[in-house]
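Numbering (the UniProt record's numbering), first residue to last: 1 to 359.
All residues carry an ideal CB built from backbone N, CA and C; glycine is no exception.
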């Protein structure tokens, strides 16, 4: 390698990192400013919809850590989402608002514990067997909630009072106001992205990417690949638990359907639609999936056909996801410019030949 190219590559990598960070800052600033434009009571629906979108973005990010950066394709990710949601509902007092931080800790502990147990077993399998075993465990969780009366059975269970979050200064952050809940979810999304960016830039994150590319080589290099994968699996379950906790608070009701394979499939579609291996792709995929599903459902009762058609077209035209659209457009413009320049050169070169033939 030419020694002069190393500083240039470092400079380019630093610029790319700064551009990524700036992009996230702008995106979060836009999300932070949207509620200021939707303050009227008539806009309450849109505030709640955006809150749901951000919750699903956290859920998609948790699965992106497994699929995009660790190479673990899980079809049972909804189990950890549902475990946290049910833990929130079952721990919430029925006589008044509970402590939100206590409920959050309980929900995260429940989802992480389940991910630890499941991960310790399923990570001993590979390929399609891994996919099927994760799906099997998720279905087990689904039927436990569906058939257990203590969890409400098939009817589900309610959260009668939204929790309160004590903050410094002897104040309470209440989330009964949709605007306040929006800010809570916004903070959760910001924290999720920040933590994942730090993790992926750490030695642990680099090891995960190496394991995804070539697990045998990483094992030969002395890495305990099983432990790294288990750590990523638990972290993904923990973040899915955060999404489940927020989901339970927003809707005040949970039922077994949030543990079904449909929920896991939706998360996977968000990741694929936005772009595998990209944090921005997971967020973009969640926003696109939820908002389009909401829009299509207002057009026809068969909105799933429209949604399926859109996903097929999007994946066919953008195999790397919606996040690759800007680069595809830039590449297309560059090809057109090069094509125009090439045709001009060919015409200039062809003119002398035509004069010679005429002579």
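Could you check the C-alpha separation between residue i and residue j for me, to the nearest Å?
| i | j | result |
| --- | --- | --- |
| residue 56 | residue 83 | 16 Å |
| residue 202 | residue 208 | 10 Å |
| residue 290 | residue 221 | 42 Å |
| residue 278 | residue 128 | 23 Å |
| residue 251 | residue 81 | 14 Å |
| residue 322 | residue 229 | 27 Å |
| residue 27 | residue 282 | 14 Å |
| residue 272 | residue 95 | 43 Å |
| residue 60 | residue 247 | 13 Å |
| residue 331 | residue 276 | 20 Å |
| residue 231 | residue 147 | 31 Å |
| residue 19 | residue 158 | 44 Å |
| residue 137 | residue 210 | 27 Å |
| residue 307 | residue 223 | 42 Å |
| residue 149 | residue 297 | 33 Å |
Less than 8 Å between the C-beta atoms of residue i and residue j, yes or no?
| i | j | result |
| --- | --- | --- |
| residue 112 | residue 161 | no |
| residue 184 | residue 175 | yes |
| residue 226 | residue 65 | no |
| residue 253 | residue 107 | no |
| residue 255 | residue 163 | no |
| residue 110 | residue 241 | yes |
| residue 181 | residue 101 | no |
| residue 88 | residue 258 | no |
| residue 115 | residue 233 | yes |
| residue 62 | residue 239 | yes |
| residue 71 | residue 212 | yes |
Return helix, strand or coil for residue i, following the three-state DSSP convention.
| i | result |
| --- | --- |
| residue 174 | strand |
| residue 338 | helix |
| residue 255 | coil |
| residue 166 | strand |
| residue 17 | helix |
| residue 359 | Its pLDDT being 37, under 50, residue 359 is placed unreliably by the model, and the measurement read from it follows with that caveat. If DSSP states are grouped into helix, strand and coil, residue 359 belongs with coil. |
| residue 148 | coil |
| residue 46 | helix |
| residue 158 | strand |
| residue 317 | helix |
- Which parts of the segment 49-125 are runs of the beta strand (DSSP E), unbroken and 3 residues or longer, counting only runs that do not cross its ends? Along the segment 49-125, the beta strand (DSSP E) does not occur as any fully enclosed run of 3 or more residues.
- Message: For the structure I just gave you, are there three or more beta carbon pairs, one from the segment 52-68 and one from the segment 107-124, closer than 8 Å?
- Response: Contact fails between the segment 52-68 and the segment 107-124, because fewer than three Cβ pairs, one in each stretch, are under 8 Å apart.
- What runs of the alpha helix (DSSP H), each 4 residues or longer, lie entirely inside the segment 214-298? For the segment 214-298, whole alpha helix (DSSP H) runs of length 4 or above, ordered along the chain, are 215-220, 225-251, 261-274.
- Segment contact flag, the segment 65-77 with the segment 306-323, C-beta cutoff 8 Å, min 3 pairs: In short, these stretches do not touch, since the Cβ pair count stays below three.
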